[in-house]
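So the sequences go chain by chain: A and B.
Residues in the first sequence are numbered from 1 upward in steps of one, following my numbering.
Residues in the second sequence are numbered from 1 upward in steps of one, following my numbering.
Quick notes on the structure that follows.
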Amino acid sequence: MKVAFVVQRYGSEVQGGSESLCRWVVERMTKYFQVEVLTTCAIDYLTWRDHYRPGPGEVNGIPVRRFSTRPPRKMRQFNAFTRKRIANQKPSLPDQIEWMRLQGPLCFDLIGYLKEFRRAYDLFVFFTYSYFTTYLGLQMVPDRSLLVPTAHDEPHIYFDIFKPIFHLPRGIIYNTEEEKQLVHRIFANSHVPNEVVGSGISEAEEPKAGPSGELPVRSPYILYVGRIDIMKGCGELVDYFVRYLKETGRDLRLVLVGKKFMQLPEHPQILHLGVVGEGDKRRLMENAEVGINPSEYESLSLSLLESWSAGIPVLVNGCSEVLVGHCLRSNGGLYYTNYGEFSLCLEVLLSRPELRKKMGEDGRRYVQTNYAWDVVEEKYLKLITASSKR
Amino acid sequence: MDTFTINTEGVNVAEIMKQIQERVLEKKKAGIYTDEEIREVSELKKQLSPQKEGAYGELALHLRRLHHNWDVAASSALITSHRKVLGPVIVALKKVGFRVFRFIGHPLVIRQTEFNAASVRFASVLMEELSRLIQENKDLKERQEKLLREMEERKRMEARR
């Protein structure tokens, strides 16, 4: 059985939740099916500019067919259009279609390939609902497609233009129960066969031992892993943390791991370590008091699952239904919606080591039960096989 | 935190969050500050806020600039002209004029330089004293907060008896 995975970017060096999920799934499905990835030449999700060469190639032994994006995106134009015609109002259909065109990636060669070679594949699995490759691509091959939307409660999910995407495919694979509820609520598509699958956690490398095996940061600390960006809630996190330190005088550090896209204050108890290897990340997680995710927009949150896999409790943004859902189902974390709750939750967690240990254990059990790779693999295998037979 | 009842045998996040949210609501209903916090605010010295720490950082930057630029006697002027044809003539004239100015104005330049040096020394001493006071203020505040926390703890224990 030949299965094509269609995604906006693909490669070992591509950073992104959906793209990483697609790559991990592809590398596991290759055991069962003849797989091929259809994607763009882009590595940068802002401009979609060609980075790789178009045509057939390979990544980690997986056949990858790349298509050029023409023209690349102009972010200034996209942002100006969004500000003027989309933000704070209900955009008209023509505006929604224009937004989709500006969103990109405009990869007409890929769309043309889908149209011409649709019969050469038994099934197409599309990742990420909101990009042009899925938006138009799925509509070319609806009768032999599966959708992995990776949706969350963002303004453009309410666009009318996405209705066909959530009704046409043979099946939909969600990352969380909350994502499924959100999509069913907006698109009334519960009749479309679906499954909540999520993602497994990748195996950590062996930790690299330094000259003394010491961590680059003194305990105790709370840990954030991910893009350090205002849009990820990091601005609010830093403000709350500084205020918390002033009020309590605690000897506590906030450690941020990841690429920085915002200014961080010069503060002796706020440390940015940049991007670290998987082994070092694991060690930092295992030694943290609490893992923290301040983002309001998450469809799964791999960093949350990784924190629990490392056996530590989490503190998350209570405005994210996905993150709150994880905490309530696992009993592995607390959540906040304002500073008062943030500081009390942190105090509760920091002053009770036995509670932290128990919540960490509960979180780890939750991940092993629901997000182990063999569980995820089984679900994908079942759904792909069933969808191709119908 | 001792007034939170948390069962670590079987953790129930929903129950813990209910207690936390109730506590936050109580604080809000009682007004922004509790009695303890009102006393704390009135007794504490003003701590430097992040904005003020920013201003302190700016003072340090200005002092560094002063250190680079005080010695006008030692500074040299780069004499140039953008004109292609008349340029060399203008440069020669400027050089002569600059030498005359230095000859006549030398005592003034020296006095200015001495004044600049004294000002920079004064500013440096002020910065040192300011740094010392900031640190002292921070230490006193930490000590005061620690004492207030101990008082609060003692009050709670007495109330339980």
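Idealized CB from N, CA, C, for every residue including glycine.
Tell me the DSSP bridge mates of residue i?
i: Asn194(A); result: Ile172(A)
i: Tyr32(A); result: None; Tyr32(A) has no bridge partner.
i: Leu123(A); result: Val3(A)
i: Glu58(A); result: Pro63(A)
i: Asp50(A); result: Ala42(A)
i: Leu106(A); result: None, per the DSSP bridge assignment.
i: Arg145(A); result: The residue asked about is misnamed: residue 145(A) is Ser in this sequence, not Arg. DSSP output for Ser145(A) lists Phe124(A) as bridge partner(s).
i: Arg253(A); result: Tyr221(A)
i: Leu315(A); result: Ile292(A), Leu334(A)
i: Lys84(B); result: According to DSSP, which records beta bridges pairwise, Lys84(B) is partnered with nothing at all.
i: Val37(A); result: Phe5(A), Val64(A)
i: Lys260(A); result: Ile228(A)
Grab me the residues of residue i's own chain with a C-beta within less than 6 Å of its C-beta, minus the 5 sequence neighbours each way, in chain order.
i: Tyr339(A); result: Tyr240
i: Asp362(A); result: Ser330, Asn331, Gly332
i: Ile230(A); result: Met262
In chain order, what residues of the same chain lie with their CB nearer than 8 Å to the CB of residue i, ignoring the 5 residues before and after it?
i: Cys327(A); result: Val314, Val316, Gly333, Leu334, Tyr335
i: Gly16(A); result: Arg9, Tyr45
i: Leu215(A); result: Arg283, Leu284, Asn287
i: Pro54(A); result: Cys41, Arg66, Phe67, Ser68, Asp109
i: Leu114(A); result: Val6, Leu38, Phe124, Gly137, Met140, Val141
Per DSSP, what kind of secondary structure is residue i in: helix, strand or coil?
i: Arg65(A); result: strand
i: Val14(A); result: coil
i: Lys2(A); result: strand
i: Ala92(B); result: helix
i: Tyr397(A); result: Absent from the structure is residue 397(A), since the part of chain A shown begins at 1 and ends at 390.
i: Gly333(A); result: strand
i: Gly340(A); result: helix
i: His272(A); result: strand
i: Gly277(A); result: coil
i: Asn293(A); result: strand
i: Ile157(A); result: helix
i: Arg118(A); result: helix
i: Ile228(A); result: strand
i: Leu26(A); result: Note that residue 26(A) corresponds to Val in the displayed sequence, not to Leu. DSSP places Val26(A) in helix when its eight states are reduced to three.
i: Leu355(A); result: helix
i: Val238(A); result: helix
i: Ile201(A); result: coil
i: Gly112(A); result: helix
i: Ala466(A); result: The displayed coordinates of chain A run from 1 to 390. Any statement about residue 466(A) would go beyond what the structure contains.
Can you check whether the C-beta of residue i is within less than 8 Å of a C-beta belonging to chain A?
i: Val13(B); result: yes
i: Gln21(B); result: yes
i: Val85(B); result: no
i: Lys95(B); result: no
i: Lys27(B); result: yes
i: Ile134(B); result: no
i: Val91(B); result: no
i: Met127(B); result: no
i: Glu150(B); result: no
i: Met17(B); result: yes
i: Glu153(B); result: no
i: Val120(B); result: no
i: Glu142(B); result: yes
Note down, in chain order, each residue of its chain lying with its Cβ closer than 7 Å to the Cβ of residue i, except the 5 sequence neighbours on either side.
i: Val367(A); result: Ile201, Leu305, Trp308, Ser309
i: Ser388(A); result: Met1, Asp122, Leu123
i: Ile90(B); result: Ser81, Arg83
i: Ile157(A); result: Ala151, Ile186
i: Leu138(A); result: Phe126, Ser145, Leu147, Ile165, Leu168, Pro169
i: Arg39(B); result: Any answer about Arg39(B) is weak, because its pLDDT of 46 lies below 50 and its placement is not dependable; what the coordinates show is given next. So no residue of the chain qualifies.
i: Ala372(A); result: Gly200
i: Leu106(A); result: Thr69, Arg70, Pro71, Phe132
i: Glu298(A); result: His152, Ser320, Val322, Leu323
i: Thr30(A); result: Ile62
So, does the CB of residue i fall closer than 8 Å to a CB anywhere in chain B?
i: Lys358(A); result: yes
i: Asn331(A); result: yes
i: Asp50(A); result: no
i: Asp362(A); result: yes
i: Leu355(A); result: yes
i: Leu334(A); result: yes
Can you check whether the C-beta of residue i is within less than 8 Å of a C-beta belonging to chain C?
i: Glu145(B); result: Considering every chain present, this structure includes no chain C. Its protein chains are A and B.
**Request:** With 7 Å as the C-beta to C-beta threshold (strictly closer), list the residues of the stretch 315-328 of chain A near chain B in chain order.
**Result:** Cys327, Leu328
**Prompt:** In the stretch 249-277 of chain A, which residues sit with their C-beta less than 9 Å from some C-beta in chain B, listed in chain order?
**Reply:** Gly249, Pro265, Glu266, His267
**Asked** Between the stretch 336-348 of chain A and chain B, which residues of the former have a C-beta closer than 8 Å to a C-beta of the latter?
**Response** Asn338, Gly340, Glu341, Leu344, Cys345, Glu347, Val348
**Prompt:** Just by C-beta distance, which residues in the stretch 96-114 of chain B are closer than 9 Å to chain A?
**Reply:** none
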